[in-house]
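A.B. asks: Take a look at this one; I'll ask things after.
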Amino acid sequence: MSKVLPLGEAIRRHVPDGASVLLGAALECLIPFAAAHELIRQARRDLTLVGPISDVAFDQLVAAGAVRRIVAAWVGNVQHGSGYAFRRAVEQGIPRPLEVEDHSNLSLALSLEAAALGVPYLPTRSLLGTDVLARNGRLRVAPCPFTSVPLVLVPALAPDVAILHVQRADADGSCHVWGPTGVSAAAARASRAVVVIAEEIVAPEVIRSDPNRTLVPGFLVAAVVHLPWGAHPSPVQGHYNRDHALYADWHAHSATAAGAVRWLDDWVRGVPDHAAYLGRLGPARLDGLRRRVSRLAAPVDYGC
Amino acid sequence: MSGGPTPGELMVAAAAREIRDGDLVFVGMRLPLLAFCVARATHAPTAVGLFENGVVRDTPALEFLVTMSDGPNVTGALWCTEMREVMALMQAGRVTLGFIGGAQIDRFGNLNTTWVGSPGRAVRLPGSGGAADIASLAGRHVVIMAHERRRFVERVDHVTSPGHGSGGDWRRRVGLPGGGPVAVITTLGLFRVDAATGELVLAGTHPGVEVDAIRERTGWPLRCADPVETSPPPTAEVLALIRRFDPEGFWTGDRG
Numbered sequence: 013m014s015k016v017l018p019l020g021e022a023i024r025r026h027v028p029d030g031a032s033v034l035l036g037a038a039l040e041c042l043i044p045f046a047a048a049h050e051l052i053r054q055a056r057r058d059l060t061l062v063g064p065i066s067d068v069a070f071d072q073l074v075a076a077g078a079v080r081r082i083v084a085a086w087v088g089n090v091q092h093g094s095g096y097a098f099r100r101a102v103e104q105g106i107p108r109p110l111e112v113e114d115h116s117n118l119s120l121a122l123s124l125e126a127a128a129l130g131v132p133y134l135p136t137r138s139l140l141g142t143d144v145l146a147r148n149g150r151l152r153v154a155p156c157p158f159t160s161v162p163l164v165l166v167p168a169l170a171p172d173v174a175i176l177h178v179q180r181a182d183a184d185g186s187c188h189v190w191g192p193t194g195v196s197a198a199a200a201r202a203s204r205a206v207v208v209i210a211e212e213i214v215a216p217e218v219i220r221s222d223p224n225r226t227l228v229p230g231f232l233v234a235a236v237v238h239l240p241w242g243a244h245p246s247p248v249q250g251h252y253n254r255d256h257a258l259y260a261d262w263h264a265h266s267a268t269a270a271g272a273v274r275w276l277d278d279w280v281r282g283v284p285d286h287a288a289y290l291g292r293l294g295p296a297r298l299d300g301l302r303r304r305v306s307r308l309a310a311p312v313d314y315g316c
Numbered sequence: 049m050s051g052g053p054t055p056g057e058l059m060v061a062a063a064a065r066e067i068r069d070g071d072l073v074f075v076g077m078r079l080p081l082l083a084f085c086v087a088r089a090t091h092a093p094t095a096v097g098l099f100e101n102g103v104v105r106d107t108p109a110l111e112f113l114v115t116m117s118d119g120p121n122v123t124g125a126l127w128c129t130e131m132r133e134v135m136a137l138m139q140a141g142r143v144t145l146g147f148i149g150g151a152q153i154d155r156f157g158n159l160n161t162t163w164v165g166s167p168g169r170a171v172r173l174p175g176s177g178g179a180a181d182i183a184s185l186a187g188r189h190v191v192i193m194a195h196e197r198r199r200f201v202e203r204v205d206h207v208t209s210p211g212h213g214s215g216g217d218w219r220r221r222v223g224l225p226g227g228g229p230v231a232v233i234t235t236l237g238l239f240r241v242d243a244a245t246g247e248l249v250l251a252g253t254h255p256g257v258e259v260d261a262i263r264e265r266t267g268w269p270l271r272c273a274d275p276v277e278t279s280p281p282p283t284a285e286v287l288a289l290i291r292r293f294d295p296e297g298f299w300t301g302d303r304g
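Going down the list, the sequences are from chains Z and G.
Taking my numbering, the leading residue of the first sequence gets 13, the next gets one more, and so forth.
Taking my numbering, the leading residue of the second sequence gets 49, the next gets one more, and so forth.
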């Protein structure tokens, strides 16, 4: 049975107020910006955002007042450094106070891996002696029961929903991704629900033609959204490049709280949906971002 | 292309010299990424670069990059995998060198990228990302940062990425497996680490920089090697490579 839904409906069904939602699992690429913008359009409140590094999707959700808590290793604007909205929320409670559970990339990854593996925690040798460890509140240090070396125990974290952007999926949600995947696989298995947003919907045979490339099998997926350019301004390998100018634009406008609200009114709340957002960007800008050269992988033979 | 090297270019050249042929390097972005490209193209042709998003490359990206996940860093990669796999290589002791930057550093090379200031008057920074993992787990690591008095402090407000802690054998005592910082490359010069005390020692200055200028911008009693060397300026070849990988000076600064 097809799980394909329009973006607005998938978000309405699977990301209620107060949900913990994982975004940006692949780091700077494949960020489900369209879904983040839809959460803002639907005026979602009290979200917990989970992700390794966030780039500006987290900053925009914070600026919109949608977020109560962030569990992450890094929150900001990768291209420019600080996320102004994140700073205002943490330092001044504008537009509302924000709790932060600080991690490193590895401890965040391991918290998802633990949930994905069905174990209460996983150990690491990272972070010993740091204030990231001392101030996290959930990480603990214990001696290894075999060797007595000190280990940091990272408790499992199971988000309510992971939103993953992918190159292609079938109608059941089985999906292919290429390029770096960050914590995507663990995030999909750790989360209670997965929403897949795909550049392209393909026949099930296409997925089955290359099963090693399957990131998530459909039985773990709750909803599929067909949304070309749904990761813009982040890049999608083989489809489009990163729109650096948009990150610079957000950085400039979000320097003040009023500027951030104006930007969101302009680009998110003021446009009815993603199609209208793309219309506002205009075909010339999108054409400039499109894949310039094709690099097909050599085919592999799954025959027997 | 007319001007002499910018401070950013001097830092990239110095960072490239820290990469040995055969190193497995946890690269990061900005200046270290450029340093990796330069080292690969000159004295370290078999160095391999790892990125925390899961990209592993043994050739420089074909084009300028703003982030490690930009398309040109993926095209032609040796391996595209998960973060877990590249972090695993580091935790298992296979990554010989890592690069990190920071907002604040202290005399034992501890780095802060989380909070600066006192309670109530604090500035929130983005956080660790992978930096704390690199500082904990890489065989050795090199820090790159701007040399300003407010950044070079006696004791960081928050230890995000561990250096040598409170000095001596601190890393061994807390159980950190990686070797810790071996060098700090700044906009003004180069520090090495005293192996016994874990303290930063000024080893070199960039061309035209006086030791006193560094002392003024360092918030602890500066220790100097004897003698303090003047870092060699980048060769024409190295400068040309830097400008090929950062054609507009986006990361290495305005060239006048």
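By construction, the Cβ of each residue, glycine as well, lies at the ideal position given by its N, Cα and C atoms.
Quick caveat: nothing in here was measured; it's all calculated off a predicted structure.
1) Is the beta carbon of residue 316 of chain Z sitting closer than 9 Å to the one on residue 118 of chain G?
2) Count the CB pairs spanning the region 226-237 of chain Z and the region 205-214 of chain Z that are closer than 8 Å, and state whether there are at least three.
3) I'd like to know whether the C-beta of residue 296 of chain G is nearer than 9 Å to at least one C-beta of chain Z.
4) Got a sec: is the Cβ-Cβ distance from residue 139 of chain G to anything in chain Z below 9 Å?
5) Could you tell me the alpha carbon to alpha carbon distance between residue 49 of chain G and residue 287 of chain G, rounded to whole angstroms?
6) Look at the alpha carbon of residue 174 of chain Z and the alpha carbon of residue 22 of chain Z, and state the distance between them as a whole number of angstroms.
7) Measure from the C-beta of residue 65 of chain Z to each C-beta in chain G and report whether the shortest distance is under 9 Å.
8) Taking 8 Å as the threshold, find out whether the region 163-182 of chain G comes into contact with the region 136-153 of chain Z through three or more Cβ pairs.
9) Taking C-beta to C-beta, are residue 66 of chain Z and residue 184 of chain G nearer than 9 Å?
10) Using DSSP bridges, identify the partner residues of residue 152 of chain G.
11) Look at the alpha carbon of residue 336 of chain Z and the alpha carbon of residue 172 of chain G, and state the distance between them as a whole number of angstroms.
12) In angstroms with no decimal places, state the Cα-to-Cα distance between residue 268 of chain G and residue 193 of chain G.
13) Which residues does DSSP list as the beta-bridge partners of residue 167 of chain Z?
14) Could you tell me the boundaries of the beta strand (DSSP E) in which residue 86 of chain Z lies?
15) Taking Cβ-Cβ distances shorter than 9 Å, what residues in chain G pair up with residue 247 of chain Z?
16) Could you tell me the boundaries of the beta strand (DSSP E) in which residue 201 of chain Z lies?
17) What is the residue span of the beta strand (DSSP E) that residue 189 of chain G lies within?
18) Any idea what DSSP makes of residue 252 of chain G, helix, strand or coil?
19) On a Cα-Cα basis, can you pick out the residue from G:240, G:284, G:303 that is closest to residue 274 of chain G?
20) Using a Cβ-Cβ cutoff of less than 7 Å, which residues in the same chain neighbour residue 89 of chain G once the five nearest sequence positions on both sides are dropped?
21) Give the residues of chain G in contact with residue 98 of chain Z, contact being defined as C-beta atoms less than 9 Å apart.
22) Using only CA atoms, which one of G:131, G:75, G:276, G:215 lies nearest to residue 371 of chain G?
23) At 7 Å on the CB atoms, spell out the chain Z contacts of residue 225 of chain G, in chain order.
24) Output yes if chain Z places a C-beta closer than 9 Å to the C-beta of residue 130 of chain G; else output no.
25) Should residue 129 of chain G and residue 96 of chain G be called a contact, given that it needs their Cβ atoms to be closer than 9 Å?
26) Which whole-angstrom value describes the C-beta separation of residue 73 of chain Z and residue 48 of chain Z, a residue pair presumed to lie in contact below a C-beta threshold of 8 Å?
27) How should residue 151 of chain G be labelled, buried or exposed, when 16 other C-beta atoms within 10 angstroms of its C-beta is the threshold for buried?
28) Can you say whether residue 13 of chain Z is buried or exposed, counting buried as having 16 or more other CB atoms within 10 angstroms of its CB?
29) Please classify residue 253 of chain Z as buried or exposed, where buried requires at least 16 neighbouring CB atoms within 10 angstroms.
30) Step through the CB atoms of chain G and report whether any lies within less than 9 Å of the CB of residue 129 of chain Z.
31) Provide the residue span of the alpha helix (DSSP H) that contains residue 85 of chain G, from first to last.
32) May I ask you to report which of helix, strand or coil DSSP gives residue 301 of chain Z?
33) Does the region 244-258 of chain Z touch the region 298-309 of chain Z, meaning 3 or more C-beta pairs lie closer than 8 Å?
34) Taking DSSP's pairing of strands, which residues face residue 248 of chain Z in a bridge?
35) In chain Z, what lies closer than 7 Å to residue 181 of chain G by C-beta?
36) Along the chain, where does the beta strand (DSSP E) that runs through residue 146 of chain Z open and close?
C.D. replies: On the basis of the supplied data:
1) Start at 1 with the first residue of the first sequence, and residue 316 of chain Z comes out as number 304. Start at 1 with the first residue of the second sequence, and residue 118 of chain G comes out as number 70. No. Outside cutoff.
2) yes
3) Within the second sequence, the letter at position 248 stands for residue 296 of chain G. Residue-level contact by beta carbon fails for residue 296 of chain G and chain Z, as no gap is shorter than 9 Å.
4) Counting from 1 along the second sequence, the entry for residue 139 of chain G is found at position 91. It does; some Cβ of chain Z falls within 9 Å.
5) Numbered from 1 along the second sequence, position 1 holds the residue referred to as residue 49 of chain G. Numbered from 1 along the second sequence, position 239 holds the residue referred to as residue 287 of chain G. Confidence in residue 49 of chain G is poor, its pLDDT being 45 and thus under 50, which makes the residue's placement unreliable; the coordinate value appears in the next sentence. Their backbone Cα atoms lie some 9 Å apart in a straight line.
6) Numbered from 1 along the first sequence, position 162 holds the residue referred to as residue 174 of chain Z. Numbered from 1 along the first sequence, position 10 holds the residue referred to as residue 22 of chain Z. Near 12 Å, if we compare the C-alpha coordinates of residue 22 of chain Z and residue 174 of chain Z.
7) The residue labelled residue 65 of chain Z in the question sits at position 53 within the first sequence. Residue 65 of chain Z counts as touching chain G.
8) yes
9) Taking the first sequence and counting its residues from 1, the one referred to as residue 66 of chain Z is at position 54. Taking the second sequence and counting its residues from 1, the one referred to as residue 184 of chain G is at position 136. Going by C-beta atoms, residue 66 of chain Z is not nearer than 9 Å to residue 184 of chain G.
10) The count along the second sequence starts at 1 and reaches residue 152 of chain G at position 104. Bridge partners of residue 152 of chain G: G:160.
11) Residue numbering for chain Z in the displayed model covers 13 to 316; residue 336 of chain Z lies beyond these limits and cannot be assessed.
12) Stepping through the second sequence from its first residue, residue 268 of chain G is reached at position 220. Stepping through the second sequence from its first residue, residue 193 of chain G is reached at position 145. Each residue's alpha carbon lies about 17 Å from the other.
13) Locating residue 167 of chain Z in the first sequence gives position 155, where the first residue counts as 1. Z:133, per the DSSP bridge assignment.
14) Translated into the one-based positions of the first sequence, residue 86 of chain Z becomes position 74. Segment 79-86, the beta strand (DSSP E) holding residue 86 of chain Z.
15) Taking the first residue of the first sequence as position 1, residue 247 of chain Z is located at position 235. The answer, in chain order, is 115, 117, 118, 119, 122.
16) In the first sequence, counting from the first residue as 1, residue 201 of chain Z sits at position 189. Element bounds for residue 201 of chain Z: not the beta strand (DSSP E) but the alpha helix (DSSP H), 196-202.
17) Start at 1 with the first residue of the second sequence, and residue 189 of chain G comes out as number 141. Residues 188-193.
18) Numbered from 1 along the second sequence, position 204 holds the residue referred to as residue 252 of chain G. In the structure shown, residue 252 of chain G sits in a strand (DSSP, three-state: E or B).
19) By one-based count along the second sequence, residue 274 of chain G stands at place 226. Closest by alpha carbon: G:240.
20) Reading the second sequence from its first residue, position 41 is the one you call residue 89 of chain G. 108, 289, listed in sequence order.
21) Stepping through the first sequence from its first residue, residue 98 of chain Z is reached at position 86. Chain G residues near residue 98 of chain Z: 172, 174.
22) Any property of residue 371 of chain G remains undetermined from this structure, which presents chain G solely from 49 to 304.
23) Position 177 of the second sequence, counting from 1, holds the residue named residue 225 of chain G. Ordered by position in chain Z, the residues that pass the 7 Å Cβ test against residue 225 of chain G are 137.
24) Start at 1 with the first residue of the second sequence, and residue 130 of chain G comes out as number 82. Yes, residue 130 of chain G lies at the interface with chain Z (some Cβ there is under 9 Å from its Cβ).
25) Here residue 129 of chain G refers to the residue found at position 81 when the second sequence is read from its first residue. Here residue 96 of chain G refers to the residue found at position 48 when the second sequence is read from its first residue. For residue 129 of chain G and residue 96 of chain G, no; Cβs fall outside 9 Å.
26) By 1-based counting over the first sequence, the position of residue 73 of chain Z is 61. By 1-based counting over the first sequence, the position of residue 48 of chain Z is 36. With a Cβ gap of about 6 Å, residue 73 of chain Z and residue 48 of chain Z count as contacting.
27) Counted from its first residue, the second sequence places residue 151 of chain G at position 103. Per the 10 Å Cβ criterion, buried.
28) Locating residue 13 of chain Z in the first sequence gives position 1, where the first residue counts as 1. By the neighbour-count rule (16 or more Cβ atoms within 10 Å), residue 13 of chain Z is not buried but exposed.
29) Residue 253 of chain Z sits at position 241 when you count from the first residue of the first sequence. It is buried - the Cβ of residue 253 of chain Z has at least 16 other Cβ atoms within 10 Å.
30) Here residue 129 of chain Z corresponds to residue number 117 of the first sequence, with the count starting at 1. With its beta carbon at least 9 Å from every one in chain G, residue 129 of chain Z lies outside the interface.
31) In the second sequence, the residue the question calls residue 85 of chain G occupies position 37. Where residue 85 of chain G is concerned, the enclosing alpha helix (DSSP H) stretches over 79-89.
32) What you label residue 301 of chain Z is simply residue 289 of the first sequence in a count that begins at 1. Three-state DSSP puts residue 301 of chain Z in a helix.
33) yes
34) On the first sequence, position 236 is the one that residue 248 of chain Z refers to. Answer is Z:252, bridged to residue 248 of chain Z.
35) Translated into positions along the second sequence, residue 181 of chain G becomes position 133. Chain Z residues near residue 181 of chain G: 116, 117, 118, 138.
36) In the first sequence, the residue the question calls residue 146 of chain Z occupies position 134. First-last for residue 146 of chain Z: 143-148, but that is the alpha helix (DSSP H), not the beta strand (DSSP E).
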